[in-house]
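Remarks on the structure that follows.
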Amino acid sequence: MLKVSKMINVVLPLFVILGAGAFASEASQIPLDSAPPGPFAPVYRIHPGYNHPSKCVDVKGAAFENGTPVQVYDCNGSDAQSWYIKRGSTKVRVAGPHNFCLDAGDPPFHDGARVNIWECVNVEAQKWYYTDDDRIALEGHPFCLDLTDGKLSNDNPLQIWTCTDNNANQVWSATL
Numbered sequence: 002m003l004k005v006s007k008m009i010n011v012v013l014p015l016f017v018i019l020g021a022g023a024f025a026s027e028a029s030q031i032p033l034d035s036a037p038p039g040p041f042a043p044v045y046r047i048h049p050g051y052n053h054p055s056k057c058v059d060v061k062g063a064a065f066e067n068g069t070p071v072q073v074y075d076c077n078g079s080d081a082q083s084w085y086i087k088r089g090s091t092k093v094r095v096a097g098p099h100n101f102c103l104d105a106g107d108p109p110f111h112d113g114a115r116v117n118i119w120e121c122v123n124v125e126a127q128k129w130y131y132t133d134d135d136r137i138a139l140e141g142h143p144f145c146l147d148l149t150d151g152k153l154s155n156d157n158p159l160q161i162w163t164c165t166d167n168n169a170n171q172v173w174s175a176t177l
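Throughout, the working numbering is defined as the position within the sequence shown, counted from one, plus 1.
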């Protein structure tokens, strides 16, 4: 009996139940905090400030690969401007079949660091907090997503900068 009990204690943690009784090893599972939203998760456009609905946070050139810069660009309805985001602790993930997240680069973080997309993993650079006052802050760090120099021109790359109250460059509105 002891053998069976030990075997159950070893075998059961190796499997998780998926839907209608199918099994898969935990090693092949995406961690819950980086799992893609469900099929009915809302897709948002993220705009700088409140008065610029024609400008969107955009994956440059719609190049969904590690290190592609994130910029501000005219809204065009493309996948490069579609995001999953929620209030509070969040990953800012490219919507659809893409497994890329907004990424603040390697620590130590600093003012002026460019923001890119990177394959979604469980790293500090991809942990954001969408605040009640509409800032997208790097969770656990004093930095916010920032519109570089406040310029709304196409191709302006986004950066992180020390979070500052009433800084219009750090206000972001998400619309369906």
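For each residue, glycine too, the CB sits at the ideal point set by N, CA and C.
All values reported here derive from a predicted model rather than from experimental measurement.
Which residue wins for smallest C-alpha separation from residue i, given the options the options?
i           : options            : result
residue 140 : 148, 120, 108, 119 : 108
residue 149 : 52, 71, 45, 63     : 71
residue 159 : 177, 86, 176, 58   : 58
residue 173 : 106, 110, 98, 86   : 86
Can you list, in chain order, the residues of its chain whose CB lies under 6 Å from that of residue i, leaving out five sequence neighbours each side?
i           : result
residue 119 : 67, 104
residue 91  : 129, 131
residue 145 : 136, 138, 164, 171
residue 44  : 83, 96
residue 162 : 112, 147
Applying the criterion that 16 or more other CB atoms from any shown protein chain within 10 Å of the CB defines a buried residue, is residue i buried or exposed?
i           : result
residue 169 : exposed
residue 51  : exposed
residue 36  : Its pLDDT being 48, under 50, residue 36 is placed unreliably by the model, and the measurement read from it follows with that caveat. Exposed.
For a test of your reading of the model: does the CB of residue i fall under 6 Å from any non-hydrogen atom of the ligand SAM? Yes or no.
i          : result
residue 67 : Absence of the ligand SAM from the depicted structure is noted, as is the absence of any ligand whatsoever, leaving it without description.
In chain order, what residues of the same chain lie with their CB nearer than 8 Å to the CB of residue i, ignoring the 5 residues before and after it?
i           : result
residue 63  : 79, 80, 81
residue 153 : 49, 53, 56, 73
Would you mind stating whether residue i and residue j have Cβ atoms separated by less than 7 Å?
i           : j           : result
residue 74  : residue 155 : yes
residue 176 : residue 88  : no
Measuring straight from C-alpha to C-alpha, what distance separates residue i and residue j?
i           : j           : result
residue 238 : residue 126 : A question about residue 238 goes unanswered here, because the residues of the chain that appear run from 2 up to 177.
residue 60  : residue 115 : 13 Å
residue 133 : residue 93  : 16 Å
residue 124 : residue 77  : 30 Å
Give every residue of the same chain whose Cβ lies closer than 7 Å to the Cβ of residue i, excluding the five residues on either side of it in the sequence, and list them in chain order.
i           : result
residue 28  : Because residue 28 carries a pLDDT of 29, less than 50, the predicted location of this residue cannot be relied on, and no value is offered for it.
residue 121 : 35, 92, 94, 100, 101, 102, 127
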